[in-house]
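The next block holds one structure in the form of structure tokens; read it before the comments.
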Amino acid sequence: MFTDEKIFTRNGYFNPKNDEVWANNRNDANEYGGIHEREKYPVSIMVALGATWNDITVPFFFQRSERLNGKTYLDELLPFYKMEGDRLFGHQNWGFQQDGANCRTDKSVQKWCKKISSFLFRKASGPQIRPS
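Residue numbers (numbering that gives the first Met the number 0): 0 to 131.
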């Protein structure tokens, strides 16, 4: 299972390198979308999702203003991913792959992953080979 988390804001995402406006002067540019206003503290929500060759997990919505840290990852997200992995794979052995962000490399998270025998934790640093 490949997983990731993303914060969605009411502002959306604006990349000034990809948004160009061709105009004769600054006033025309502003008229044709050259000004992008953003809120200083926009409403946002964080969502987590996992994808496998079988299917995708149901989305996990964090509470408003809740952010991902080692405790949240261990207490809420890992049990959710395990439950969804068991649902998608019918309690067979399955792999879990994630990047090396701090919340995922936390000692308590690694200990939890080792404790759950069918729940394999791998850092996404390259090809992983697991002996049979």
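Note that beta-carbon positions come from the ideal geometry of N, C-alpha and C, so glycine has one too.
Under the criterion of beta carbons closer than 8 Å, Tyr72 and Met0 do not qualify as touching, at roughly 15 Å. The residue among Val42, Asp3, Glu19, Thr2 with its C-alpha nearest the C-alpha of Asn10 is Val42. Glu30 sits exposed, since fewer than 16 C-beta atoms from the chains shown fall within 10 Å of its C-beta. Distance from the CA atom of Lys5 to the CA atom of Cys102, rounded to whole angstroms, is 14 Å. Considering only Phe60, Val108, Asp54, the residue with the shortest C-alpha distance to Met45 is Phe60.
Listed as beta-bridge partners of Lys5 by DSSP are Val46. In this structure, DSSP gives Phe79 a helical state, which the three-state scheme calls helix. In this structure, Glu83 lies near Gly49, with their beta-carbon atoms less than 7 Å apart.
Under DSSP, Phe59 takes part in a beta bridge, and its partners are Ala47. Within the model, the alpha-carbon separation for Gly99 versus Lys110 is close to 15 Å.
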